[in-house]
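Read the structure below first, then the notes.
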Amino acid sequence: MKNDKKKKYLKKSLKFRLEGILEISKEVNSTMSVVYSYCKNRNDSETVDNILHMLKSVVEKTDEISFNICQILDDNTEIVSDFISKITPLNYDEVIVDD
């Protein structure tokens, strides 16, 4: 019985943490779009490139962490599949649009 309560708590905690990772990823994606638009309007391509590179690194690291968590918890398919279904990979071609 005690073990069931612990599993239930861990499952809730895991879901909460995975959703947190997802929110970070979404924030980084939207920040990239805003920064790109701002810098592009100023014709500052070097700043755009530098900032996009930094933000892309954050997204890649977040995705790697998410993937590793999912690998470790592959027996907990309900949470993992729910989490994976919410992840939309960032398409950098959509962010970087040349006029």
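For the sequence shown, this note's numbering begins at 696 and goes up steadily by one. Where is the CB? At the ideal position from N, CA and C, for every residue including glycine.
Go ahead and pull the three-state DSSP assignment for residue i.
i	result
Arg-712	helix
Asn-736	helix
Under the rule that 16 or more other beta-carbon atoms within 10 Å means buried, what is residue i, buried or exposed?
i	result
Ser-725	exposed
Asp-793	Caution applies to Asp-793, whose pLDDT of 40 falls short of 50 and renders its modelled position unreliable; the value that the coordinates give is listed next. Its Cβ having fewer than 16 others within 10 Å, Asp-793 is exposed.
Ser-708	exposed
Met-727	buried
Val-830	Absent from the structure is residue 830, since the part of the chain shown begins at 696 and ends at 794.
Ser-720	buried
Tyr-731	buried
With a threshold of 7 Å on Cβ separation, who are the neighbours of residue i within its own chain once the five nearest residues in sequence on each side are excluded?
i	result
Leu-785	In this prediction, Leu-785 has a pLDDT of 47, which is less than 50 and means its spatial position is unreliable; what the coordinates show is noted afterwards. Excluding positions up to five away in sequence, the list reads Asn-724, Val-754.
If I'm right that residue i touches residue j with Cβ under 8 Å, what's the distance once you round it to whole angstroms?
i	j	result
Ser-761	Ile-716	5 Å
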